[in-house]
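I have placed the structure first, in the form of structure tokens, so that the comments after it can refer back to it.
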Amino acid sequence: MIQDGILFHNKDIVHKADFATERELPPQLIIAIPLESKALMTYGATHQLRGCRFHTSDPIVATAIFYARPDMVQGAAKAQVRSRSIVLSLSPAWLERKMTGPQRERFERVFSHHLSRVDWSLPPHLGQIAEALNLTSSQNAPEMLMREAFALTLWESLMSNLQQISQVCGQRHSEQPTRLKMLLRDEKVDHMTLADIADTLGMSLSTLQRTARKELGMSLQRYLRERTLQQAKAKLEERSLSLQEAAEHAGYSHVANFITAFRKLFGYSPRQASRHVRAHTQ
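Everything in the sequence shown is counted per numbering that gives the first Met the number 0, starting at 0 for the first residue and increasing by one.
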């Protein structure tokens, strides 16, 4: 325990044999940071989480899962699999003490039910600190202070992410559609090049990219790529497309590349899509 109500657990192990474990967790907010792991963690029989970084240059993704009531967590891994991760457990009492009025409103809006989940990419400096802290193991005062500072900074990162989610939701209701957003409503955009889109809007490519970043919060390429992956995910959940067909729908000629991109965006394999949605509706 690094602070009253905060548990910090880090590991860097190679499993010597196949293993499976299961235990019940009390109400809390879990923040899991898989740094490198092929071990599979299942939270409340709903969320399956394993490390999905394919290159060390990829951003580190943190996952926050809210246990509103006691529920299970399961872990499983094959022999010789390496697991590197950091997990924080924040108690309900700590959350109650820590949150201000606006923070509490945003928290309760996003974590509105048992096993609500939020994923977000850590800022590069926070990812570097996570990697460094995962190498520590002693209980001396300097390392304990470093862990406490990291936990509080991670909490602020989550709060900042929740604020962004609230702002985006608010903008969706209040903004008038721009020319770019109106064009993006047309599915034909998925089959247009960036040059075609720029010509249609009467913009240069550089102006188009600046406009996209301002209005969408990301590059247009990323927006379109994630949109087609979202569409493929919906088709897989409906079981209306095979894996090969979903990959082609999302613009991937190789299924392996589609699986990689899908897992990086959603945190689980496209083969698990139908099971994932069933778990949410049970």
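Ideal placement from N, C-alpha and C gives every residue a C-beta, glycine not left out.
Bear in mind the structure is a predicted one, so any value in this text is a computation, not a measurement.
With burial defined as no fewer than 16 other Cβ atoms inside 10 Å of the residue's Cβ, what is the status of residue i: buried or exposed?
i: residue 83; result: buried
i: residue 139; result: exposed
i: residue 16; result: exposed
i: residue 187; result: exposed
i: residue 105; result: buried
i: residue 20; result: exposed
i: residue 213; result: exposed
i: residue 18; result: exposed
i: residue 40; result: buried
i: residue 256; result: exposed
Going by DSSP, name the residue or residues bridged to residue i.
i: residue 18; result: 76
i: residue 8; result: 86
i: residue 39; result: 75
i: residue 81; result: 13
i: residue 70; result: 24
i: residue 154; result: Answer is none; residue 154 lacks a bridge partner.
i: residue 190; result: Note: residue 190 sits in no beta bridge, so no partner.
i: residue 2; result: 5
i: residue 93; result: Per DSSP, none; premise fails for residue 93.
i: residue 33; result: 84
i: residue 118; result: 62
Tell me which residues share the same chain as residue i and place their Cβ nearer than 8 Å to its Cβ, disregarding the 5 neighbours each side in the sequence.
i: residue 294; result: Given that the chain is displayed from residue 0 to residue 281, the structure contains no residue 294 and the question cannot be resolved.
i: residue 178; result: 200
i: residue 271; result: 47
i: residue 191; result: 199
Flag residue i as yes if its beta-carbon sits less than 8 Å from any beta-carbon of chain C, otherwise no.
i: residue 80; result: Among the protein chains of the structure shown there is no chain C, as only one such chain exists.
Would you please state the rounded distance, in angstroms, between the beta carbons of residue i and residue j? I believe it to be under 8 Å.
i: residue 113; j: residue 66; result: 7 Å
i: residue 3; j: residue 93; result: 7 Å
i: residue 125; j: residue 153; result: 7 Å
i: residue 122; j: residue 90; result: Actually they are not in contact, since the Cβ atoms of residue 122 and residue 90 sit about 25 Å apart, beyond 8 Å.
i: residue 74; j: residue 38; result: 6 Å
Compute the distance between the beta-carbons of residue i and residue j, then report whether it is under 8 Å.
i: residue 208; j: residue 215; result: no
i: residue 5; j: residue 131; result: no
i: residue 204; j: residue 193; result: yes
i: residue 240; j: residue 248; result: yes
i: residue 28; j: residue 76; result: no
i: residue 227; j: residue 189; result: yes
i: residue 210; j: residue 217; result: no
i: residue 34; j: residue 69; result: no
i: residue 164; j: residue 109; result: yes
i: residue 72; j: residue 116; result: no
i: residue 118; j: residue 250; result: no
Tell me which residues share the same chain as residue i and place their Cβ nearer than 6 Å to its Cβ, disregarding the 5 neighbours each side in the sequence.
i: residue 13; result: 81
i: residue 197; result: 204, 207
i: residue 120; result: 58, 60
i: residue 234; result: 240, 245
i: residue 171; result: Caution applies to residue 171, whose pLDDT of 44 falls short of 50 and renders its modelled position unreliable; the value that the coordinates give is listed next. Hits under 6 Å: none found.
Leaving out the 5 sequence neighbours to the left and right, which residues in its chain are closer than 7 Å to residue i when beta-carbon positions are compared?
i: residue 158; result: 102
i: residue 146; result: 1, 7, 132
i: residue 242; result: 254, 269, 270
i: residue 225; result: 264
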